[in-house]
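Residue numbers (the working numbering): 480 to 555.
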């Protein structure tokens with residue numbers, strides 16, 4: 480009790496995070512970090528490195544905001 484809770488999510492696309500944002504103090508979205516992902520995430524969690532950058536996608540707040548055909552090529 481009293482210790483910060485940090486969620487680390489490894490996924491390949493944006494997710495609806497639901498109530499998780501209310502339950503954690505910080506969230507690190509690691510995408511697919513590869514073989515050196517473990518040490519890199521540890522460096523971030525222990526303050527050796529500072530996570531920075533910009534998201535290439537938008538995270539939906541609700542499932543209804545996700546396009547039905549997420550990976551479908553546009554026509555027209």
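All C-beta atoms, glycine included, are put in the ideal place defined by N, C-alpha and C.
Residues of its chain near residue i, where Cβ-Cβ distance is below 6 Å and the 5 sequence neighbours each way are ignored
| i | result |
| --- | --- |
| residue 538 | 493 |
| residue 540 | none |
Strand pairing of residue i, partner residues [DSSP]
| i | result |
| --- | --- |
| residue 485 | 505 |
Cβ neighbours of residue i in the same chain (closer than 8 Å, five flanking residues each side left out)
| i | result |
| --- | --- |
| residue 500 | 506 |
| residue 528 | 519, 522 |
| residue 536 | 492, 493 |
Anticipated Cβ contact below 8 Å, residue i with residue j, distance rounded
| i | j | result |
| --- | --- | --- |
| residue 483 | residue 502 | In fact, because the Cβ distance is near 12 Å, the residues do not count as touching under 8 Å. |
| residue 558 | residue 524 | Nothing about residue 558 can be read from this structure; the chain reaches only from 480 to 555. |
Alpha helix (DSSP H) segment containing residue i, residue limits
| i | result |
| --- | --- |
| residue 524 | 516 to 524 |
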